[in-house]
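Asks: Under the working numbering, the first residue of the sequence shown carries the number 279, and numbering increases by one thereafter. Don't be surprised by glycine CBs; every beta carbon is placed ideally from N, CA and C. Let me begin by handing over the structure; questions about it come next.
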Amino acid sequence: MRSSTIFLRLFRTSSGHLPRTRNIIKASSPFSTYRPSLLSSRVSNLHAHTSRRYNSSASDTAGAADPNLRPLTDRVPSASTDAANAEQNAARRAEEPAYRIVFTCKPCGERSDHQMSKHGYHKGTVLITCPSCSARHVISDHLGIFMDEKSSLEDILGTKGMRITKGVLNDDLEIWEDGSVYKAGSHKEGVDISSDVSPKETP
């Protein structure tokens, strides 16, 4: 008799931790879930904060005062500053060692010349766009973007059995049948400049 009393007391104590039936909310179907109103209000508040974007061209004084809606940069666009930067870039490119390449585009047959930096040709990846058909030609790929191995134009044409004729700008050139290139009138001394490395060359 005593043991049954203890059992009933334990049952009453443990049943106090069980949820009451009046707090249980019945779902309309077995597959629907109950979402508390507190969670839905948090989601709506989060959506209200994240859905708003900062527009730098809009004259929203409230958005400008809010520190959470600041632009990513404080730079004010200026035409004079952009023009000065463009001039500096042009001057830097004019002074850096460069190659000038003249080639014929195979798809359209257009012959054009282009300038590329020496550093980009030997260390980076160079693509040249044909001005006629806008086809892109891989000139060198040392970053492995288009080819499996590091390649320059000599390597690319070498696999096809072709070669490059090199020369120095602002000089008269003689190209002989064996592919060697000489300065005009200097072949008597045997000065072959086909492998000459100068700041500007014509591959």
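Helix, strand or coil for residue 367, going by three-state DSSP, please let me know.
Replies: If DSSP states are grouped into helix, strand and coil, residue 367 belongs with the helices.
Asks: Which ranges would you report for the beta strand (DSSP E) in the region 374 to 423 if only whole runs of at least 3 residues count?
Replies: Listed in chain order, they are 376 to 382, 389 to 395, 403 to 407 and 414 to 419.
Asks: Between 373, 355, 390 and 378, which lies nearest to residue 399 when the distance is taken from Cα to Cα?
Replies: Nearest option by C-alpha distance: 378.
Asks: Measure the alpha-carbon distance for residue 422 versus residue 395 and round it to whole angstroms.
Replies: Approximately 18 Å, taken between the alpha carbons.
Asks: Express the C-alpha separation of residue 364 and residue 371 in angstroms, rounding to a whole number.
Replies: Going by the C-alpha atoms only, they are around 11 Å apart.
Asks: Is it the case that the Cβ atoms of residue 408 and residue 432 are separated by a distance below 8 Å?
Replies: In this structure, residue 432 does not lie closer than 8 Å to residue 408 by Cβ.
Asks: Within 10 Å of its beta-carbon, does residue 438 have 16 or more other beta-carbons around it, so buried, or fewer, so exposed?
Replies: Per the 10 Å Cβ criterion, exposed.
Asks: DSSP beta-bridge partners for residue 358?
Replies: Its beta-bridge partners do not exist; DSSP assigns none.
Asks: Looking only at its chain, what residues have a beta carbon closer than 8 Å to the beta carbon of residue 383, apart from the 5 residues adjacent to it on each side?
Replies: Cβ neighbours of residue 383 beyond the five flanking positions: 389, 390, 408, 410, 411, 413 and 415.
Asks: Is it true that the CB of residue 420 sits closer than 8 Å to the CB of residue 403?
Replies: For residue 403 and residue 420, yes; Cβs fall inside 8 Å.
Asks: Should residue 358 go down as buried or exposed, given a rule of 16 or more other Cβ atoms within 10 Å for buried?
Replies: Its Cβ having fewer than 16 others within 10 Å, residue 358 is exposed.
Asks: For residue 432, report the span of its alpha helix (DSSP H) as first-last.
Replies: Start and end: 431 to 436.
Asks: Going by C-alpha to C-alpha distance, which of 401, 440, 441 and 385 sits closest to residue 427?
Replies: Of 401, 440, 441 and 385, the residue nearest in Cα terms is 401.
Asks: Looking at C-alpha atoms only, which residue of 380, 353 and 397 is the closest neighbour of residue 373?
Replies: Among 380, 353 and 397, the Cα nearest to that of residue 373 belongs to 397.
Asks: DSSP state of residue 347, grouped into three classes?
Replies: Helix, per DSSP.
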